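To start, the structure under review is shown below, and the notes come after it.
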Amino acid sequence: MRLIQYVTDTGARGVARIEGNRAVAVKGATSVIDLAQQAIAARRSLDDAVKAAGDGEALDYPALLSQRRVLSPVDHPDAAHCLVTGTGLTHLGSADTP
Numbered sequence: 030m031r032l033i034q035y036v037t038d039t040g041a042r043g044v045a046r047i048e049g050n051r052a053v054a055v056k057g058a059t060s061v062i063d064l065a066q067q068a069i070a071a072r073r074s075l076d077d078a079v080k081a082a083g084d085g086e087a088l089d090y091p092a093l094l095s096q097r098r099v100l101s102p103v104d105h106p107d108a109a110h111c112l113v114t115g116t117g118l119t120h121l122g123s124a125d126t127p
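Start counting the sequence shown at 30; every next residue gets the next number (the working numbering).
This is the structure we're talking about:
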């Protein structure tokens, strides 16, 4: 399952799962972190928590991307508590570097 966070038409936040070129909103979800915390509290998987929430509207995923309405996949209400980093290298690229 692939989840995204996005900005709705009204400017609110939402969470959706991706199915090809379609993003299916997760009812009542405003962040992946909240969904994960709910899943932990209920002692179930994130997948089960998403299924339990139910499906909302179907959205055009490429349109969300082109409109720059897709947010970081995971964030924190206090930005100082979330750091996303990467090396920018592939495994093979790293192995070939002297």
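We treat Cβ as the ideally placed atom computed from N, Cα and C, and that holds for glycine. Computed from a predicted structure; not experimentally measured.
In terms of CA proximity to A92, A52 leads the group A52, G40 and L32.
The C-alpha of I62 is placed about 15 Å away from the C-alpha of K56. Cα atoms of L100 and Q34: separation of roughly 5 Å, rounded to the nearest angstrom. Excluding five sequence positions before and after D89, the CB atoms of its chain that fall closer than 8 Å to its own CB belong to N50, R51 and A52, given in chain order. One thing to note: Q67 has its Cβ no nearer than 8 Å to the Cβ of A54. Contiguous alpha helix (DSSP H) elements confined to the stretch 41 to 110 occur at 61 to 70, 75 to 82 and 90 to 95, taking only those with 4 or more residues. The C-alpha of I69 lies about 18 Å from the C-alpha of V44.
Assignment of beta-bridge partners to L32 by DSSP yields R46.
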